[in-house]
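Written out below as structure tokens is the structure these notes cover.
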Amino acid sequence: MLRLEKLVKTYKTGDQALQAVDLEIPEGQVLALIGPSGAGKSTLIRCINRLVEPTSGKVHLGNVELTGLSTGGLRRERRRMGMIFQEYALVERLTVMENVLSGRLGYVGFWRSFLRRFPQSDVDEAFRLLDRVGLAHMADKRADELSGGQRQRVGICRALIQNPALLLVDEPTASLDPKTSRQIMRLICELCKERGLAAIINIHDVALAQMFVQRVVGLQLGAIKFDGPPEGLTPEVLTSIYGEEDWEATIEDVDEDEEIEVAL
Amino acid sequence: MSDTAFDVQTRIGQPWKKPPFVRRSWLRWTLILGFIVYLIAAYLTVEVNWSRVYEGLERGKKFILAFTSPDFTSRSGDIWEGMVESIVMTVAASVVGIAISIPIALGAARNVAPLPIYLICRGIIAVSRALQEIIVAILLVAIFGFGPLAGFLTLSFATIGFLSKLLAEDIESMDRVQAEAIKASGARWTQWINYGVQPQVMPRLIGLSIYRLDINFRESAILGLVGAGGIGATLNTAFDRYEYDTAAAILLIIIGIVMALEYLSGVVRARVQ
């Protein structure tokens, strides 16, 4: 479904954020991308929808190659990639509804969007999605009136209303408390399952990643150091990704968490 | 646990001071003393003719006393006409100026516009800001003749420099991620501006627009002095005829309107936050 071929990103400062990354994600797979700060996780997912231009390499989404696309072509393909951000990235002075509907901008013309006259089907879908995440009653509130968890759920609706084939998720829980973090991760993973979406989730909370995903990729200094199921994250593997540290606590933590998960 | 060699023992018991902005002390003191010497020398070169000041005090007193008996009536027709002309000039120039400023501000924001457009728009702003209103007004009066047309054009031109520059700076300091999120949905450029940028800068745009309306009204009173129409022309005539009571009346009206605009801008800005 998504295939990265020798993807390289070198910033103008000379920092090599990605060093020839190869990665293939089949239809409907949810993948967690872990790694220390500065490992290139954000750069990697931004290179996929070209919010950051990759220096070289190829990105195939289905049978379309993204790096060679013109502006218009790129816009069309971006509609198939929903993005969820760290710190939510809602437009704060717009209403919740406008934020959700902004996910449809790639499908409607300028004047329709300017006059906020979206097709009825888009409005209906927006309400359905907001209802699915429990926020339908907040539609006319301004985005900056919402709490962190609520904002992220609006962010999820905005990504899903694009009707994407792939979700790019950048640190969805970084500014949320532990409980809300889990709720958000669970919601994202459930929605991916319901809709058969593939997803790349950048996350620095290893335990949280292990709890929800089928596959973990570990990135260090722009290179893949680990690719496998969550159970494969042994202390040795974590050391190779993050450096020397006592990992037993983190891993034990996971076991406890899983028990709690079952109890819930 | 420290990463670099730093012997903390040499610093224990020593007072700590913030490092000075200019590190070399001789340079720091040269700059400070040099500035003080220059300042004193500069004040000494300003000549004051005290006998002239004494004579002038009498005229000043007459002028200020006129405010106690402003004459709104004897030239009410002229005042009314001048005022209407000024307000028309102000509103028309503000609307046109703001309408032109918005695209230029977008072009002058480095995070929105490509480099060539950025340079052109910054150039337009620089020209507009470099030419002071009075100079532009004198030129335009020479081209279009006496009257409010020259004033209207002058104020429109001045509005562009002011509003584009400040709005562009606001666009440059906006939250990049909010705009990025809109871009990631596949929005086209115009939609991106409308959804990602506009909501972030709207309060500032409204605040600046009202502030500029206020400035334009005050400027319109000055522009009359060089023949560009408006209440300034009436004021000028009053001064020329030594009718200080009429001049006082005009100034009081200007002060009243500026204060009303000030109050209005406060109310509007509080509402659009």
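Going down the list, the protein sequences come from chains A and B.
Sequential numbering from 362 applies to the first sequence in our numbering.
Sequential numbering from 2 applies to the second sequence in our numbering.
C-beta atoms are modelled at their ideal positions from N, C-alpha and C, and glycine is treated no differently.
Each residue's CA atom was taken as its position, placing R213/B and L392/A some 53 Å apart.
Its Cα nearest to that of L548/A, the residue D492/A stands out among T371/A, E597/A, D492/A. The segment 123-138 of chain B makes no contact with the segment 186-198 of chain B, as fewer than three CB pairs between them are under 8 Å. Counting other Cβ atoms within 10 Å of its Cβ, K370/A reaches 16 or more and is therefore classed as buried.
Apart from sequence neighbours up to five positions away, the residues of its chain that approach R364/A with a beta-carbon distance below 6 Å are E385, H421, ordered along the chain. Fewer than three beta-carbon pairs drawn from the segment 423-433 of chain A and the segment 12-19 of chain B are found closer than 8 Å, and the two stretches are therefore not classed as touching.
For R514/A against L496/A, the beta-carbon gap comes to about 6 Å, under 8 Å, which counts as contact.
Using beta-carbon distances, G510/A does not count as an interface residue toward chain B, since no partner is under 7 Å. In the displayed model, Q133/B falls within coil according to three-state DSSP, outside both helix and strand. Under DSSP, D531/A shares a beta bridge with N563/A.
A distance below 6 Å between beta-carbons, with the five flanking residues on each side excluded, links Y449/A to the following residues of its chain, in chain order: R512, Q513, G516. Contact annotation: T247/B and A239/B have beta-carbon atoms nearer than 7 Å. By the beta-carbon neighbour count (other beta carbons within 10 angstroms, threshold 16), K554/A is exposed. W17/B and I161/B have their alpha carbons spaced roughly 50 Å apart. Inter-residue distance for I445/A and P525/A is about 12 Å (C-alpha atoms, whole angstroms).
Sorting A100/B, I121/B, L58/B by C-alpha distance to the C-alpha of A109/B places I121/B at the top.
With a threshold of 16 other beta carbon atoms within 10 Å, R436/A meets it and is buried. In this structure, the beta-carbon distance from G510/A to Q377/A does not fall below 7 Å. For a Cβ distance threshold of 9 Å, residue set R407, L412, M444, F446, A450 of chain A lies close to E181/B, ordered along the chain.
When the five nearest sequence neighbours on each side are left out, the beta carbons in the same chain lying within less than 6 Å of the beta carbon of L154/B are those of L141, in order along the chain. For the pair Y468/A and F488/A, the Cα-to-Cα distance works out to about 18 Å. Contact annotation, S266/B with D215/B: C-beta distance approximately 7 Å; criterion of less than 8 Å satisfied. Judged by their CB atoms, I207/B and W193/B are not nearer to each other than the 7 Å cut-off. Neighbourhood of V92/B in chain A, by CB distance below 9 Å: empty, with the nearest CB roughly 26 Å away.
Closest in alpha carbon position to G423/A, among G433/A, E438/A, T416/A, R411/A, is E438/A. Buried is the label assigned to E220/B, since at least 16 other Cβ atoms lie within 10 Å of its Cβ. In this chain, R76/B is not harboured by any beta strand (DSSP E), its DSSP state being neither H nor E.
For R407/A, the three-state secondary structure derived from DSSP is helix.
Counting along the chain, Q581/A sits inside the beta strand (DSSP E) bounded by residues 576-581. The C-beta of Y119/B comes no closer than 7 Å to any C-beta of chain A. No Cβ of chain A is located within less than 7 Å of the beta carbon of N112/B. Following the DSSP letters along the chain, one finds T160/B in no beta strand (DSSP E) but inside the alpha helix (DSSP H) bounded by residues 149-173. When only Cα atoms are considered, L66/B and Y245/B end up about 9 Å apart. One alpha carbon belongs to N50/B, the other to A43/B, and they sit about 17 Å apart. Contact residues of the segment 528-559 of chain A toward chain B are L529 (C-beta to C-beta distance below 9 Å). In this model, A169/B and D607/A are separated by some 50 Å (Cα to Cα).
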